[in-house]
Amino acid sequence: MAIDRPKGTKDHLPDGSPKLSLDVQASAFAHVQETARRVLERAGAQFMATPLFEEAELVKRGVGGSTDIVRKEMFTVYYFGDHGGFILRPEGTAGMVRAYLQNGLKQLPAPLKLWTHGPMFRAENVQKGRLRQFHQVDYEVLGSTDALVDAEAIALMVDVVRALGLSGVRVKLGSIGDPADRDNYNEYLRGLFTPHLEHLSDDSKDRLTRNPMRILDSKSAEDQDLIRELAVRPMLDFLGAEASAHFAEVQAYLGAWGVEYDLDPSIVRGLDYYRRTAWELHHEGVGAKSALGGGGRYDGLSAQLGGPEVPGIGWAFGIERLLLALEAEGVSLPGTPGPLLYLAAMDAENVGLAAQIARSARAVARVEFAYKAQKPGNAFKDAERRRARYAAVIGTDEALRRVLNLKNLVSGEQREVALDDLNTVLTELENN
Ligand code: AMP
C-alpha cells in the first residue's frame, strides 16, 4: 500500500502540478519568503538560522511551562543514546534568543534586528490553517526597549502583507504591561473567577492557580461564556504609568505613519517574560480565531533562558496562513517563469552540442535542452508545454555554420543568431 504524508503536513509542489492550489504551490511559498526577505533586509534585519530541534529545557523555558504548546503539543526527538530527548521547535524566538546569547551577538550594535524562516512543529488538532508542521517568517529585535522599535516591528508586518498584495488585514493591538501590572491583574482575575470555579474548564481551574491571565486565552466555550458574563476588565485598565506611557508612544508612532490598528484588550500573553506591547494580525480568509501572525515584547526572556537582561521584541507570520489569505483575496502570485530558451537537436550527433550551448547560455538566462533528438514540430510543442519563450532546433547546417534559429513561440517570428552572440542576445531578450 502507498504511504501518505503524516497528518497535518503539506507537500509543496511545482508549478503545473495537478489540482494545484496556492497553499501548496512551492513557488508561491518561495515568493512569500522572498518578499519578507526584501522588506526585512531593507529595514536592516539580518538573516540567521537555528536548528530545527533544541533542548527540551529551552522550549519549556522559552515558551512557558503553562502553555498548551509545552503541555500538549511538543514533538520529542529521541535517538540512540542516553539523551533525554530534544524538542522539534514549536516557534522561532527561543532558539533565536539562545543563539544570540550563546554566540556573543550582544557585542553587535544594538538594537540588533534578525530574521529567519523555516518549519515549526506543534502536535495540534489539525484544521484549516492549523498544521503540525507549518512555516514561519520570524523577526526579532534584541537590545532595545524603545517604543519606536515596537512601532517599527508592527509596521514591518504591515509592510510585508502590503508587499504581498494583501489588503484585508487588521492589526489588533494591546499591551500587557510590566510584571507588577500583570501581578495586579492576575490578583484581580483570581478574585473574580474563584467564586465561579465550578464553571471553569479543568484546564482553566489549573490556570487559575498558575497563571489566571491565560484563562482569557482559553479555547473552551464554557470559559469564554463565563468571561463574557463576568464582564472581565481588560489588562489595559491595569497598566502602570510607565507601561502606559510606552504604549501611548507606540500608538503615536503608528498613528503618525498611518498604520491602522484596533485596540484589542483581549490580547494576552500570560508568560512571565512578556512585557508591554502585544499584537496580532487577522484576516477573514484564515478564520476569525486564527491569526495571520502575532508578536510581542519579551524583555524577560533572556534572563529566563539563563542569560543577562536583554530586552527583545519579535513577531512571526505563518506562511501557510498568508497563502490562505492570498488565495481568499484572489491575489495571483508570479509562478516560476518558464525557460527563456529551449534547445533541441534534430539528430543524435548534435544533442551534446545543444547541451553545451545550453550550459554556456545559462550564464545569462534560464535555458533548457532536450535530452533526445527531436523533430522540429515535436520540439516546439515540448518547448510550449514547458512555457519557454523562445526555441531553437539545431540541425547539421546550423551546427556547421555555428548559428541558431531562434523562434519566438508567441509571435512565431524567427531570427538567426550566431552562437558567439547568443549570450548577448539572450541578455537583451531577458530584459524586455
Ligand atoms: P504563535 O507563536 O502561536 O503566536 O504563532 C505565530 C503564527 O504562526 C500564527 O499567527 C500563525 O500564523 C502561525 N501558526 C501557529 N501555529 C500554527 C499551526 N499549527 N499551523 C499553521 N500556522 C500556525
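Going left to right, the sequence shown walks through residues -19 to 412 as my numbering numbers them. Don't be surprised by glycine CBs; every beta carbon is placed ideally from N, CA and C.
State buried or exposed for residue i, treating a residue as buried only when at least 16 other CB atoms are found within 10 Å of its CB.
i        : result
Ala201   : exposed
Phe60    : exposed
Met(-19) : exposed
Ala353   : buried
Ile(-17) : exposed
Gly42    : buried
Leu304   : buried
Arg190   : exposed
Ser246   : exposed
Asp401   : exposed
Gly102   : In the sequence on display, residue 102 carries Arg and not Gly. Per the 10 Å Cβ criterion, buried.
Leu380   : exposed
Leu(-6)  : Here residue -6 is Pro; the residue named in the question, Leu, does not match the sequence. With fewer than 16 Cβ atoms within 10 Å of its Cβ, Pro(-6) is classed as exposed.
Lys199   : exposed
Ser184   : buried
Gln82    : exposed
Thr56    : exposed
Gly109   : buried
Tyr58    : exposed
Ala236   : exposed
Pro89    : exposed
Ser46    : buried
Gly44    : buried
Ala232   : exposed
Pro288   : exposed
Asn105   : exposed
Leu206   : buried
Arg18    : exposed
For the candidate residues the options, whose alpha-carbon lies nearest to that of residue i?
i      : options                         : result
Glu364 : Asp3, Asn403, Ser391, Val12     : Ser391
Leu20  : Ala308, Gly294, Ala338          : Gly294
Gly240 : Asp(-9), Ala341, Val230         : The sequence given here has Glu at residue 240, not Gly. Taking only the C-alpha atoms, the option nearest Glu240 is Val230.
Arg249 : Gly238, Tyr233, Gly276          : Gly276
Pro291 : Gly123, Ala103, Arg17           : Gly123
Leu281 : Val50, Arg78, Lys(-13)          : Arg78
Asp279 : Leu399, Glu120, Leu111, His115  : Glu120
Ser181 : Ile195, Gln87, Val138, Glu329   : Ile195
His263 : Glu209, Glu309, Ala25           : Glu309
Asp197 : Thr(-11), Asp48, Val373, Glu209 : Asp48
Pro314 : His(-8), Lys(-10), Ala10        : Ala10
Would you mind giving the Cβ-Cβ distance between residue i and residue j, rounded to the nearest angstrom? I have them listed as a contact below 8 Å.
i      : j       : result
Tyr253 : Gln204  : Tyr253 to Gln204, Cβ: 26 Å. No contact.
Ala36  : Gly(-4) : Wrong, their Cβ atoms sit about 42 Å apart, outside the cutoff.
Gly265 : Glu307  : 7 Å
Lys361 : Glu260  : No, Lys361 and Glu260 are not in contact; Cβ-Cβ is about 50 Å, not under 8 Å.
Ala371 : Ala359  : 6 Å
Ala23  : Lys93   : 7 Å
Ala296 : Asp118  : 5 Å
For chain C, check one thing: does any of its Cβ atoms lie closer than 8 Å to the Cβ of residue i?
i     : result
Leu85 : Absence of chain C from the displayed structure is noted, only one protein chain being present.
### Task
Determine, using beta-carbon pairs with one atom in the segment 172 to 180 and one in the segment 258 to 275, whether at least three such pairs fall under 8 Å.
no
### Query
Quick one: complete alpha helix (DSSP H) runs, 4+ long, within the segment 164 to 197?
182 to 190
### Task
Mind the definition here: the segment 318 to 332 touches the segment 295 to 304 only if three or more C-beta pairs lie below 8 Å; say whether that holds.
no
### Message
As an exercise, report each continuous beta strand (DSSP E) stretch of at least 3 residues that is fully enclosed by the segment -10 to 68, in chain order.
### Response
33 to 35, 66 to 68
### Sufficient close CB pairs (3 or more, under 8 Å) joining the segment 215 to 227 to the segment 147 to 165
yes
### Message
Extract the residue ranges of the alpha helix (DSSP H) inside the segment 205 to 268, only unbroken runs of 4 or more that lie entirely within it.
### Response
221 to 237
#### Entry: 3-residue-minimum beta strand (DSSP E) runs that sit fully inside the segment 86 to 148, ordered along the chain
92 to 101, 113 to 122
### Query
Hey, is the segment 332 to 340 in contact with the segment 21 to 32, meaning 3+ C-beta pairs nearer than 8 Å?
no
### Query
Unbroken alpha helix (DSSP H) runs of length 4 or more, entirely within the segment 290 to 348: which are they?
299 to 309, 331 to 341
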